[in-house]
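*Asks:* Structure provided below as structure tokens; questions to follow.
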Amino acid sequence: MESTDDGFLAAYDAVLAARWPASTSSAEIRTPYGTTHVNSVGPADAPPVVLLHGGGTTSTVWSGTARALGTAHRVHAVDTVGDAGRSVAGERAIRTLRDQMAWLDAVLDAVLDGIGASGVSPAVSLCGHSYGAWSALHYAAHAPARVRALVLVDPTNCFTGFSRRYLLRALPMLLRPTVRRRRAFLEWETRRAALDETWLRLYDHAAAFPAARPLTGPRPGPEALRALRLPVLLLLAERSRAHDIGRVAASAAALLPRVETAVLPGATHHTLPLAAPAEMDARIGDFLAAHGRGD
């Protein structure tokens, strides 16, 4: 079993207190792979939206999106099992893509049946950033009937690979994730953007998080993506150093039957979603109003 230290938990709670609505509730979902922590906002009978964070950032990074969507949706921000957060991995590890999909099956079962959807819809809208987008896209291909609409925020390893320069810069941090190395990489990719200090303290504590890391794997296959008939919103960071956004957009357009794409001005891969331009949440809200309400 993994555990988190008191400093990490205190920093996590500080971000919730400072950035999230006072009405935020939390739940622990039991799955075959451990206990998954979820932070939820919005009317209990509203259409459900599930948010999946990028690697090493925790569900708290979605504060702005949760506030923006929480008036018309029941928003559930999930801490990925095995990554930094309040979720606790069990004795059965997520080792394969099938395991990852089974974990998300259990999370969505709870969202729809037990922690806030009140039976209003047989499906959820899924929104993921970076690694979370990779997981969300795979899940949409795995269980398309359970996903009403899909939002991919600067998705990595979905349509193209990472840039070589990005991987070389990230390598020291990945091999030995110290606070100094994580900060240096973050400052490089964001071009020293001003980020919330309360969240940065949590980001620093995550460097010492237990060593297990989320599953990584291949991109979704072209056949599976061409078969997806659900609406997809692809949001790309104008100044992302993770990949070539032009190539990402072109590949997505060639593979997804119902994709609309927008570029977020001034954004980098790691300023999203915490310090996203207002346009991001406005676009997500409009997209879900059109496709994610189950009317």
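Numbering (this note's numbering), first residue to last: 1166 to 1460.
Note that CB positions come from ideal geometry on N, CA and C, so glycine has one too.
Predicted model only: the values in this text are computed from it and were never measured.
#1: Going by beta-carbon coordinates alone, are S1224 and L1216 separated by less than 8 Å?
#2: Go through its chain and collect everything with a Cβ distance to H1294's Cβ below 7 Å, but skip five positions before and after it.
#3: For R1311, which option in R1239, V1289, A1298 and S1300 has the closest C-alpha, if you only look at C-alpha atoms?
#4: Looking at the strands, I want to know which residues DSSP matches up with C1292.
#5: Given a cut-off of 8 Å, decide if L1453 and P1422 are closer than it, judged by their beta-carbon atoms.
#6: Which word fits T1201, buried or exposed, when buried means at least 16 other C-beta atoms lie within 10 angstroms of its C-beta?
#7: Could you check the C-alpha separation between R1347 and E1256 for me, to the nearest Å?
#8: I'd like to know whether the C-beta atoms of A1441 and L1429 end up nearer to each other than 8 Å.
#9: Rank D1248, L1181, D1278 and P1197 by C-alpha distance to the C-alpha of T1381 and give the top, closest one.
#10: Would you kindly work out how many angstroms separate the C-alpha atoms of T1222 and A1371, rounded to a whole number?
#11: Would you give the residue range spanned by the alpha helix (DSSP H) that S1190 belongs to?
#12: Put D1460 into one of helix, strand or coil per three-state DSSP.
#13: Taking the alpha-carbon positions, what's the V1243 to A1447 distance?
#14: Secondary structure at E1167, three-state DSSP: helix, strand or coil?
#15: If you count every other CB in all the chains shown that lies within 10 Å of the CB of S1405, and 16 or more means buried, which is it?
#16: Along the chain, where does the beta strand (DSSP E) containing E1425 start, and where does it finish?
#17: Looking at chain B, is there any beta carbon in it that lies within less than 8 Å of the beta carbon of V1397?
#18: For L1390 versus L1420, is the C-beta spacing smaller than 8 Å?
#19: Where does the unbroken beta strand (DSSP E) through L1400 begin, and where does it stop?
#20: Taking C1323 and V1214 to be in contact with their CB atoms under 8 Å, please state how far apart those CB atoms are, rounded to whole angstroms.
#21: Check whether the Cβ of L1339 lies closer than 7 Å to any heavy atom of the ligand NAP, and answer yes or no.
#22: So, E1352 versus H1434, is the Cβ gap smaller than 8 Å?
#23: Using CA atoms only, rank isn't needed, just tell me which of L1273, R1412, R1345 and G1386 is closest to R1366.
#24: Would you tell me roughly how many angstroms separate the C-alpha atoms of P1197 and D1178, rounded to the nearest one?
*Replies:* Quick look at the numbers:
#1: yes
#2: H1218, G1219, V1318, D1319, L1437 and P1438
#3: Among R1239, V1289, A1298 and S1300, the Cα nearest to that of R1311 belongs to V1289.
#4: Paired residue(s): L1216 and V1316.
#5: no
#6: When all chains shown are included, T1201 counts as buried.
#7: 28 Å
#8: yes
#9: D1248
#10: Each residue's Cα considered, the two are about 8 Å apart.
#11: First-last for S1190: S1190 to T1196, but that is the beta strand (DSSP E), not the alpha helix (DSSP H).
#12: With a pLDDT of only 48 at D1460, under 50, the local geometry of the prediction cannot be trusted, and no value is derived from it.
#13: 21 Å
#14: Its pLDDT being 43, under 50, E1167 is placed unreliably in this model, and the value from its coordinates should be taken loosely. Note: E1167 maps to coil in three-state DSSP.
#15: buried
#16: V1424 to L1429
#17: Included in the structure is just one protein chain, with no chain B present.
#18: Here L1390 is near L1420, since their CB atoms are less than 8 Å apart.
#19: V1397 to A1402
#20: 19 Å between Cβ atoms; not a contact.
#21: With respect to small molecules bound, the structure shown includes none, and the ligand NAP cannot be examined in it.
#22: no
#23: R1345
#24: 26 Å
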